Amino acid sequence: MIKRFTWLLLCCMLVVALLVTSCGDAVTDEEEEVNGEEEEVNGEEEEGPKYGGTLRVAYTPDQFSLDPPLLSGAADILVVHQCYESLTERNPDWTLRPLLAKSWDANDDLTQWTFELEQGVKFSHGKEMTSEDVVYSFDRLFEVESPFASVISMVEDIVAVDDYTVRFDLSSATAFLPDLISRYHCKITPSDIDPERLATETFGTGPFIVTEHVIGERTVMEKNPDYWWDGYPYLDEVIFIYFADPETRAEALKAGTVDAIMNMAIPSIQTIEADPNCKVSLIPSAMQMNMLFNVNEPPFDNILVRKAIQAATDRQAILDGALFGNGGIAYDHCIVPTDPHFNEDCMPPEYNIELAKDLLEQAGYDDGIDITLYTSTLGPPLVEMATVMKEKAEPAGIRIDVQVMPEAGYWSDVWMVKPFCCSYWGGRIPDEAFSMQFLSTADWNETGYVNTRVDELIIQARSQLELADRQESYGEAQCIIIDEVPKIIPVFMPILHGMRNNIMGLEAKPHGDPWCRYIWLDN
Amino acid sequence: MARFIARRLGLICITLLVVSVVIFVITELLPGDVAAMILGKEATEESLERLREELGLNRPAHERYLSWIGDVLRGDLGDSYALKMPITDIVGRRLRHSVILAAFAFLVGVPAAVAAGIWAGMHPNTKLDRLISMTALVGISVPEFVTGLLLILLFTSTLHLLPSSSIILPGVNPLTSPQILIMPALTVTSVLFAYIMRMTRANVIEVMQADYIRTAILKGLPMKRIILRHLFPNAMLPTITVIASSFGWMLGGIIIVENVFAYPGIGQLLLRSIETHDIPLLEVVTLIIAGTYAISNLLADLSYAALDPRVRLA
Amino acid sequence: MTMIRSGLVATWRSVRNTFRLIFRTWSGRIALPIVLLHLVLTFFGPLIAPYSPTAMPESIDQYQNLPPSPQFWLGTDQYGRDVLSRVMCGAGSLIATAGTGALLGIILGAVVGMSSGYKGGRVDEIVMRVMDGLMSFPTLLLALLVLFTLGPSRFNIAATIGFVSMPAIARVVRSTTLSLKNMEFVQSARLRGESTFYIIFRELLPNVLPVLGVEASVRFSYAILSVASLGFLGLGIQPPSPDWGLMISQSRRFLVVAPWVALAPMGAVASLVIGVNLLADGIRQATRMAKEDKHE
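Top line first, the protein sequences correspond to chains R, C and P. Terminal number for the first sequence in the working numbering: 795, no gaps in between. Terminal number for the second sequence in the working numbering: 640, no gaps in between. Terminal number for the third sequence in the working numbering: 330, no gaps in between.
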């Protein structure tokens, strides 16, 4: 019952997925339908996917360790996705599908979840995956203090009922557990491998196995010959090659040195599209860029200052200037307008210089205010966002000094250190997004924002089964957050991949992480 | 002679030692915690402490420096912080790439520059001389990144002849696809050509006015003979100095060229090690560049002495 | 006081003469208008620019990366800003930063070179070894290291440029000083019992000046190249200030779809350095001519 409900909910939740705006002519010709385990390709000619070949992917060298519960680098996450699997998985269209767990169920008050595991699935070193490994993986997640631990802190105990059944005992009701544990931190690792080795090697049940891993340079993955999905993967080999700057990645694609750029930088769109050998696949997503205040530090502890900056934010200009109009407008909270939980009744003010001036005067800054906005050239166009923000806020007397900081050290020395800086977040389901960013106890509550009512609403929504109830909880949370502005979230970014024309099965999906198991080469 | 070389080498060693201390001090002053940088956004205080312990970051600075320099003298360059590999492995390949690029540029640039310089010097103030001199002046004046991007616009965007970047995948020898070397080499050459050509031209003009050349011309010796026997050896002296020292200059100057074309050489490595605060790597790369620079200067002086019997090195 | 004034008068006279001579040379005649144009832009660029260099239009999407047109002579950039205005306003910061840097280098170099050369002995030996050490670094590498330590700001860039260009200048000035030191007029001044300061300022400086003039123009062109290169590597002036190097590196990704955004600052920086180098050529020829004039 609950399972079906979750399915339905998630299906309708992301109607976004239907907006496949692909600009390369090749992609639009062949609409691909990725549906559960089946993948159909309706090409003009009745041709199925082809097997074999090597896919070379250009990616950002953001990597530290391949150990699933400790993942943080974007490149590590992408590698781990190809080599490990979780109990559940989000389909590319963001619906939930069973993976290592073939089914699940909960008790009536949503405090106990039971998962039935697939049988006969083997880790790449030969061990069969059983409940023991699942319990081990989640115990370790809490033991090593994974950043995800705070998100699933309601999990009190994980019990191996039998070899193929696992039970999660929760301290508070959660309808979202199957969804939450699909995340990359919750990948299942074997219990018989020394955890030290997990940092550089992989022992997963996934379609690929890392055979060579040189940090900052490349990761070579070979097809897992015993992969438990029949007929997958198509590719023999996947190589991730790391280039530090987005221009280099684009150049490498144009030169044919690589076959694809996953999560390509937005400014590269035009030049890749202009190349007859390449195509781009793009879709709006729930990935956000934001400018965050430390709400406990002056002048940003003054809510009027924050509201003035909010009124001086030209969202459309940021969308055009930084994202070339790709993506969507955001309203200072993490819910996309296409999401059923989006509350239309609460909106931040439109870009309004007079209002901003007024608010600033009320806050006691009659002659305007001088502030510094820290940013960096990390993946998303944060510098561009800051540049537009500065220009558009200036007439209101909000004089922003944009400081571009080195990429190295941004997360340690700038983010959550400087009182006004830029950051970005991957797209998440409402519960997870709110829990990570706005819950006062969250590790990554980057603004230091504390509102007990918001906390209450987030927790309350977890156990609400009816969409209408959750709409109410999240709706109120949205209103409070818009009103108190702990951060400015002006835009949602698109997700996009650039690739050579012969790459098939790699399409941008609102779920950020591309699965290499669906990709094949049309040579 | 031997004493001169020994003394100069000694000086170079002292300079490099000072350089290494200076870089060490600079990196000490750099903001940012290396451990936090390595572990990234999601580091815990505990894991940070463990890593600092592992890297020996908790020891006092002078102790760390001494143990580092000791290892280096024993031939152990240590591991890169960010790339977690032995530095010898990383630097060796990158250095080879840079040397290949430099050699490529040299082979094209130097003969052309010397030939043009001699011709221009022998026919000063003619139209062609003006043209050559003007080209050289433009070559010196236009920054490498402008030359590089103009070449990309010409050869890639307009003519569709060459790839716009010179990316080499790890483990691939750049010589297997020499076309990727063309544009970076041309960019390096444009500056190199200008320097060497101007120097050659100036020397030729000077030598042409020397008495022995005038005598030779008055004696009615054939021009070919004058050029080969009298002009060339004398005019080439200072030029050789420039050529030798420009090799060292190139290893530093190609920082920009490598950046424009994404060519994975020592210059790119330098920028990356600075960006990631990879101190051991930064030290090694800087020492390599400074060392090459110093040694090529020494070679310049030696070649000068070898070619000119009047110069006695004491 | 009179001493300083008479020193300045002599200096000014030689500068004026040199200028007159520069204009007589071929390269000088080409160089002066170019350099003059850039100087005009430096001081009046923001006043005569048709648009604001940083302001963005109300609806950015309609003005993004437009090709050159009668309305926007050099097109517009990613934010719909007028490229021509940005190039015009970018001259100031580049020339001021590079100029300050070069000037700093020349002052430092002249002081170090003259005093070291005049003093001689052990001091000279040590100072020159230090200069050799500094010169064993490629300047860009040195600048990169210093800037990464200090962090990028206009002042830091200028100071860095000054610091890295000092040794070369000091060396040239020192060798000139050495040859001047034993000349009659210096010797007689010393016999008259003039102070070291007087001799350096009144006797040596005016004679070192021609060398310094050539060196200054060469250093200035190097300084421009360095500042632009640092900007290109992202270590120079921060956005959204219209810095040529930064503009080039930021518009590089649009090189294929909107080449004008990169071409305009590329042309600007190239023409500036060409102009300054031609001027250096002119000064060199002019000083040679001045010497010949004297002999006649």
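Positions of the beta carbon are idealized from the N, C-alpha and C atoms, including for glycine. Computed from a predicted model, the values in this text were never measured in an experiment.
Item to check | Straight-line Cα distance separating leucine 138 of chain P from valine 310 of chain P | outcome: The residue given as residue 310 of chain P occupies position 276 in the third sequence. The residue given as residue 138 of chain P occupies position 104 in the third sequence. Going by the C-alpha atoms only, they are around 18 Å apart.
Next on the checklist: Taking 7 Å as the threshold (C-beta atoms), are valine 207 of chain P and alanine 144 of chain P in contact?
Outcome noted: Here residue 144 of chain P refers to the residue found at position 110 of the third sequence. Here residue 207 of chain P refers to the residue found at position 173 of the third sequence. Cβ distance < 7 Å, so alanine 144 of chain P and valine 207 of chain P count as in contact.
Next on the checklist: What residue range does the alpha helix (DSSP H) around methionine 523 of chain C cover?
Outcome noted: Residue 523 of chain C sits at position 197 when you count from the first residue of the second sequence. Note, methionine 523 of chain C: alpha helix (DSSP H), 505-534.
Next on the checklist: Could you compute how far the alpha carbon of arginine 734 of chain R sits from the alpha carbon of glycine 600 of chain R?
Outcome noted: Your numbering for residue 734 of chain R matches position 462 in the first sequence. Your numbering for residue 600 of chain R matches position 328 in the first sequence. Approximately 27 Å between the Cα atoms of the pair.
Next on the checklist: What does the Cβ neighbour count give for isoleucine 484 of chain C, buried or exposed, with the cut at 16 atoms within 10 Å?
Outcome noted: In the second sequence, the residue the question calls residue 484 of chain C occupies position 158. The question names isoleucine, but residue 484 of chain C is threonine in the sequence shown. Threonine 484 of chain C comes out exposed.
Next on the checklist: Just checking: is the beta-carbon of proline 539 of chain R within a distance shorter than 7 Å of some beta-carbon in chain P?
Outcome noted: Looking up residue 539 of chain R in the first sequence gives position 267. Judged by the 7 Å Cβ criterion, proline 539 of chain R is in contact with chain P.
Checklist entry - Are the C-beta atoms of cysteine 295 of chain R and some chain P residue less than 7 Å apart? => result Counting from 1 along the first sequence, the entry for residue 295 of chain R is found at position 23. Since pLDDT at cysteine 295 of chain R reaches only 35, below the 50 mark, its modelled position is unreliable, and the value read off the structure follows with that caveat. So no, cysteine 295 of chain R is outside the interface.
Next on the checklist: Short of 6 Å in beta carbon distance, which residues of its chain neighbour tyrosine 696 of chain R, apart from the five on each side in sequence? Order them along the chain.
Outcome noted: Your numbering for residue 696 of chain R matches position 424 in the first sequence. Taken in chain order, the residues that qualify are Met561, Pro652.
Next on the checklist: Here's the rule I'm using: 16 or more other beta-carbon atoms within 10 Å means buried, otherwise exposed. How should cysteine 339 of chain C be labelled?
Outcome noted: By one-based count along the second sequence, residue 339 of chain C stands at place 13. Per the 10 Å Cβ criterion, exposed.
Checklist entry - Just curious, the beta strand (DSSP E) that isoleucine 481 of chain R is in, first and last residue? => result Numbered from 1 along the first sequence, position 209 holds the residue referred to as residue 481 of chain R. Isoleucine 481 of chain R -> beta strand (DSSP E) spans 480-486.
Checklist entry - When Cβ atoms are compared, which residues of the region 493-521 of chain C fall closer than 9 Å to chain P? => result none
Checklist entry - Going by Cα to Cα distance, which pick from P:Pro276, P:Ile140, P:Gly185 is closest to arginine 205 of chain P? => result In the third sequence, counting from the first residue as 1, residue 205 of chain P sits at position 171. Ranking the options by Cα distance to arginine 205 of chain P, first place goes to P:Ile140.
Checklist entry - When the cut-off is 7 Å and only beta carbons count, does threonine 543 of chain R lie next to chain P? => result Working through the first sequence from its first residue, we reach residue 543 of chain R at position 271. By this cut-off, threonine 543 of chain R is an interface position.
Checklist entry - Does the distance from the CB of aspartate 227 of chain R to the CB of lysine 394 of chain R come in under 7 Å? => result Because chain R in this structure spans residues 273 to 795, residue 227 of chain R falls outside the shown range and cannot be described.
Next on the checklist: Does the structure place the region 520-538 of chain C close enough to the region 555-573 of chain C that three or more beta carbon pairs sit under 8 Å?
Outcome noted: yes
Next on the checklist: Output needed for alanine 65 of chain P: all residues of its chain with C-beta closer than 6 Å, excluding positions within five of it in sequence on either side, in chain order.
Outcome noted: Translated into the one-based positions of the third sequence, residue 65 of chain P becomes position 31. Excluding sequence neighbours, alanine 65 of chain P sits near Gly309, Leu312, Leu313, Gly316.
Next on the checklist: Which of the three DSSP states is assigned to phenylalanine 692 of chain R in this structure?
Outcome noted: Counting from 1 along the first sequence, the entry for residue 692 of chain R is found at position 420. Note: phenylalanine 692 of chain R maps to strand in three-state DSSP.
Next on the checklist: Against chain C, with Cβ distances strictly below 7 Å, would isoleucine 424 of chain R count as a contact?
Outcome noted: Mapped onto the first sequence, residue 424 of chain R falls at position 152. False, the Cβ-Cβ gap to chain C never drops below 7 Å.
Checklist entry - Can you tell me where the alpha helix (DSSP H) with aspartate 411 of chain R in it begins and where it stops? => result Position 139 of the first sequence, counted from the first residue, corresponds to residue 411 of chain R. Counting along the chain, the alpha helix (DSSP H) containing aspartate 411 of chain R begins and ends at 403-415.
Next on the checklist: Give me the chain R residues within the contact set of alanine 89 of chain P, using Cβ-Cβ distance strictly less than 8 Å, ordered along the chain.
Outcome noted: For the purposes of this step, residue 89 of chain P is taken as residue 55 along the third sequence, with counting starting at 1. Result: Glu663.
Next on the checklist: According to DSSP, simplified to helix, strand and coil, what is glutamine 112 of chain P?
Outcome noted: As a working note, residue 112 of chain P is residue 78 in the third sequence. In the structure shown, glutamine 112 of chain P sits in coil (DSSP, three-state: anything other than H, G, I, E or B).
Item to check | Residues of its chain near isoleucine 82 of chain P, where Cβ-Cβ distance is below 6 Å and the 5 sequence neighbours each way are ignored | outcome: One-based indexing of the third sequence puts residue 82 of chain P at position 48. Closer than 6 Å at the Cβ level, and outside the excluded window around isoleucine 82 of chain P, lies no residue.
Next on the checklist: For valine 236 of chain R, which residues in the same chain have their Cβ closer than 8 Å to its Cβ, ignoring the five residues on either side in sequence?
Outcome noted: There is no way to answer for residue 236 of chain R, as the model of chain R reaches only from 273 to 795.
Item to check | As assigned by DSSP and simplified to three states, the class of cysteine 550 of chain R | outcome: Residue numbering aside, residue 550 of chain R sits at position 278 when the first sequence is read from its first letter. In this structure, cysteine 550 of chain R counts as strand in the three-state DSSP scheme.
Checklist entry - tyrosine 391 of chain C lies in the alpha helix (DSSP H); which residues open and close that run? => result Locating residue 391 of chain C in the second sequence gives position 65, counting from the first residue. Counting along the chain, the alpha helix (DSSP H) containing tyrosine 391 of chain C begins and ends at 387-399.
Item to check | Bridge partners - serine 119 of chain P, DSSP secondary structure assignment | outcome: The sequence position of residue 119 of chain P within the third sequence is 85, counting from 1. Looking at the DSSP assignment, serine 119 of chain P forms no beta bridge with any residue, so it has no partner.
Item to check | Beta-carbon neighbours of valine 295 of chain P, restricted to chain R and to distances below 7 Å | outcome: Residue mapping note: residue 295 of chain P aligns to position 261 of the third sequence, counting from 1. By Cβ distance, chain R contributes nothing, its closest Cβ being about 12 Å from valine 295 of chain P, past 7 Å.
Next on the checklist: Using C-beta distances below 7 Å, list every residue in its chain close to alanine 471 of chain R, excluding the 5 sequence neighbours before and after it, in chain order.
Outcome noted: To locate residue 471 of chain R, count along the first sequence from 1; it is residue 199. Excluding residues within five positions, the ones whose Cβ falls inside 7 Å are Ser337, Leu338, Asp339.
Next on the checklist: Can you confirm whether glycine 640 of chain R, when its beta carbon is compared against all beta carbons of chain P, has any partner nearer than 7 Å?
Outcome noted: As a working mapping, residue 640 of chain R is identified with position 368 in the first sequence. Not closer than 7 Å to any Cβ of chain P, the Cβ of glycine 640 of chain R fails to qualify, so no.
Item to check | Contact under 7 Å by Cβ, arginine 420 of chain C with glycine 591 of chain C | outcome: The residue given as residue 420 of chain C occupies position 94 in the second sequence. The residue given as residue 591 of chain C occupies position 265 in the second sequence. Yes, these two residues count as a Cβ contact at 7 Å.
Next on the checklist: Below 8 Å on the Cβ atoms is my contact criterion, and I expect leucine 488 of chain C with threonine 482 of chain C to pass it. Report the Cβ-Cβ distance as a whole number of Å.
Outcome noted: Translated into the one-based positions of the second sequence, residue 488 of chain C becomes position 162. Translated into the one-based positions of the second sequence, residue 482 of chain C becomes position 156. With a Cβ gap of about 6 Å, leucine 488 of chain C and threonine 482 of chain C count as contacting.
Checklist entry - So with Cβ pairs under 7 Å, would you call asparagine 314 of chain R a contact of chain C? => result As a first step, residue 314 of chain R is located in the first sequence; it is residue number 42 there, counting from the start. The predicted position of asparagine 314 of chain R is uncertain, since its pLDDT is 45 and thus under 50; no value can be drawn from it.
Item to check | Cβ-based contacts, 7 Å cut-off: residues of the region 450-467 of chain C near chain P | outcome: Leu463, Val464, Ile466, Ser467
Checklist entry - Using a C-beta to C-beta distance shorter than 8 Å, which residues of chain P count as neighbours of serine 483 of chain C? => result Here residue 483 of chain C refers to the residue found at position 157 of the second sequence. Going along chain P in sequence order, the residues near serine 483 of chain C (Cβ under 8 Å) are Leu289, Val290, Pro293.
Item to check | Contact list for lysine 278 of chain C against chain R, beta-carbon separation under 7 Å | outcome: Because chain C spans 327 through 640 in this model, residue 278 of chain C falls outside it and cannot be assessed.
Item to check | Contained alpha helix (DSSP H) runs [length at least 4] in the region 411-448 of chain C, N- to C-terminal order | outcome: 413-448
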